[in-house]
Amino acid sequence: SDMPETETQNKTGKICRSKIRIDNKGKEVNSFAFFPSSTDLILMNLDDGIYVVEVDDRSWQNTQQIYPGNNLDIEIDGGRIFVKDREYLVEVFTELIETI
Numbered sequence: 026s027d028m029p030e031t032e033t034q035n036k037t038g039k040i041c042r043s044k045i046r047i048d049n050k051g052k053e054v055n056s057f058a059f060f061p062s063s064t065d066l067i068l069m070n071l072d073d074g075i076y077v078v079e080v081d082d083r084s085w086q087n088t089q090q091i092y093p094g095n096n097l098d099i100e101i102d103g104g105r106i107f108v109k110d111r112e113y114l115v116e117v118f119t120e121l122i123e124t125i
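In the working numbering, the protein residues as written are 26 to 125.
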């Protein structure tokens, strides 16, 4: 891969690796973005939908599809996740909102 490597950083006494493998489930990665307010989760736009994937390759990675479909686009705006699905723009909620 021709992706640029970042310098290894030393924060809080821990060495951060410059590369971590992400399991793409054998599918084409159309785009990706960091999950809002997170440095250890990413959103991956694969051929069959949008997935949240744990950025940790020490063992299997937790992966969850949050929006099924194809030919999708991901937009992050103000910490909110939007998916463009054909002519629709859909906001994806990842937490249940408690109502009284």
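In this text, a Cβ means the ideal position worked out from N, Cα and C, and glycines have one as well. Please read these numbers as outputs of a predicted model, since none were measured by experiment.
Nearest to residue i (by Cα), restricted to the options the options
| i | options | result |
| --- | --- | --- |
| Thr119 | Glu53, Asp110 and Phe60 | Phe60 |
| Ser56 | Trp85, Arg46 and Ile67 | Ile67 |
| Gln86 | Pro93, Tyr76 and Asn95 | Tyr76 |
| Asp48 | Asp82, Ser62 and Asp65 | Asp82 |
| Leu114 | Ile125, Asp102, Leu121 and Glu123 | Asp102 |
| Leu71 | Val117, Arg46 and Tyr92 | Tyr92 |
| Glu53 | Leu97, Arg111 and Glu116 | Leu97 |
Environment of residue i [buried if 16+ CB atoms lie within 10 Å]
| i | result |
| --- | --- |
| Ile106 | buried |
| Thr31 | Confidence at Thr31 is low in this model, with a pLDDT of 44, below 50, so its placement is unreliable and the value that follows should be read with caution. Result: exposed. |
Nearest-angstrom Cβ-Cβ length linking residue i and residue j, presumed shorter than 8 Å
| i | j | result |
| --- | --- | --- |
| Gly94 | Gly74 | 6 Å |
| Val108 | Ile99 | 6 Å |
| Gly104 | Ser63 | With a Cβ gap of about 10 Å, Gly104 and Ser63 do not count as contacting. |
| Ile45 | Val80 | 6 Å |
DSSP beta-bridge partners of residue i
| i | result |
| --- | --- |
| Pro93 | Gly74 |
| Arg105 | Asp102 |
| Val117 | Ile106 |
| Thr88 | Val78 |
| Ile67 | Phe59 and Val78 |
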